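Here is the structure we will look at, set down as structure tokens.
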Amino acid sequence: MFPNDEPEKWHRGQGLWSHVNSEDWGNWIWQLQNRITSIDQLEQYMELTPDEREGCLHANKKLALAITPYFFNLIDRENPDCPIRRQVIPLGGELRVMPNEILDPVGEEFSMTAPGIVHRYPDRVLFLVTDRCAAYCRYCTRSRMVSNAQDYNFHPDFEAGLQYIEEHGEVRDVLISGGDPLLLSDVKLEYLLKRLRGIPHVEFIRIGSRVPVFLPQRITPQFLKILKEQGPVWMSLHLNHPSECTGELFEACENLAFAGVPLGNQSVLLRGVNDSVEVMRSLVHRLLMMRVRPYYLYQCDLITGSAHLRADVATGIEIIRGLRGHTSGYAIPQFVIDAPQGGGKVPINPDYVKEVTESEIVIRNFRGEEYRYPRATPLPEKALDFLREGEGILT
Ligand SMILES: *Cc1c(COP(=O)(O)O)cnc(C)c1O
């Protein structure tokens, strides 16, 4: 499907913005300042379908429209079904609310124990430090608060969040997210990381960010220096489609890895974007080439106005079945449903266990062939006697 799959050929360059000097183009602030944020701007560059026009006209009441010039260049403007386009250009479907869809699909508000802190699991917290992103994914699970289109009025209160973590000795893992934490200044990020580093019970710090994908220019030498000094800091990226694997992102990942940042990826299963084995296989192979370990594949949360992007759970299971055994184990993400109402992430797997009897387990391998493996049975008395006499280890 993607011949000549060599990272050197993934470079995209400036495309529509070839008139811009390369210094501006490579500057993340320039990319943010020149984002496409309105239907008028979009229509200067491409022809929208009627469905897209409907979506764009009303987008700002649900979740702001914003696309960095860098990411916009990855869109195939001739193809209304382009998988990159689907992720960032709204459709009319966003305005339709299905009966099972809600504004807080994974029940985060119920687990908010301090401003910006979602404490759902025993030993780790989610720390929301901003409500802004470089570009807005149309299926965002946090669209109720992100971009402030719905007047959520998010005010990051680092001190309250940090104090909560300091006071909760059971928190050994902090996941910094938002919005996108990498939109904070280096000064703020360094402060946050330093403070967390200084809390003795915090063992593990990770950042969830789509900035490397939307805005690889953000991965500057100064920022890398902070990560190196405050490390180990892990990072989870968010790629959904192999076309997002550009030379620019490859370089950003290489620099992050060289700064000591272990990289993972979280994808969301999206209809018409990555809901096939072929596309996912190509994506996970490219991720490994970029030193990124596929971590989770999420079933799309039941966020308001996302039905047109949601693939069936059975498709996700078939994708995992199509990968397991057929390609490197390192390439295979865990498929999960983040259970509604705060149930947390639940792994969903193809069934390889045909039967468990008293004496054995009957399993099927990736080819569908059946195998049997015995249950563990108590050791016979004779063996026990032998062990008692011989080694004395059981007495
Ligand atoms: C996803 C998530 C985490 C992290 O879960 P892992 O399975 O450890 O990656 C922590 N807190 C909340 C609220 C989450 O949604």
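Anchor point for the sequence shown: position 165 equals 151 in our numbering, and the numbering is continuous, going up by one each time.
All residues carry an ideal CB built from backbone N, CA and C; glycine is no exception.
Since we're looking at a predicted model, the values are computed, not measured.
Query	Result
Sorted by chain position, which residues of the same chain lie with C-beta nearer than 6 Å to Ala293's C-beta, five sequence neighbours on each side aside?	Met84
Is it buried or exposed, Ala146, if we count other Cβ atoms within 10 angstroms and call 16 or more buried?	exposed
Within 10 angstroms of its Cβ, does Tyr125 collect 16 or more other Cβ (buried), or is it exposed?	buried
Ligand 1 heavy atoms versus the CB of Arg106: any closer than 6 Å?	yes
With H, G and I counted as helix, E and B as strand and the rest as coil, what does DSSP make of Val247?	coil
Taking the beta strand (DSSP E) that Ala100 falls in, what are its first and last residues?	98 to 100
Is the Cβ-Cβ distance between Arg196 and Leu161 less than 7 Å?	no
CB Asn241 to CB Leu210, shorter than 7 Å?	yes
Could you check the C-alpha separation between Pro36 and Asn65 for me, to the nearest Å?	14 Å
Taking the C-alpha atoms as reference points, what is the distance between Asp159 and Asn260?	30 Å
What is the rounded straight-line gap between the Cα of Lys180 and the Cα of Gln149?	14 Å
Indicate whether Ser222 and Gln203 have their beta-carbon atoms separated by less than 7 Å.	no
Residues in the same chain with beta-carbon distance under 6 Å from Gly78, minus the five sequence neighbours each way, listed in chain order, please.	Asp37, Glu40, Gly41
Quick check on Met(-13): buried or exposed, where buried means 16 or more other Cβ atoms within 10 Å of its Cβ?	At Met(-13), the pLDDT of 37 sits below 50, so the modelled position is not reliable; the number obtained from the coordinates is stated separately. It counts as exposed.
Using a threshold of 6 Å, is the CB atom of Arg110 nearer than that to any non-hydrogen atom of ligand 1?	yes
Tell me whether the beta-carbon of Phe96 lies closer than 7 Å to the beta-carbon of Gly328.	yes
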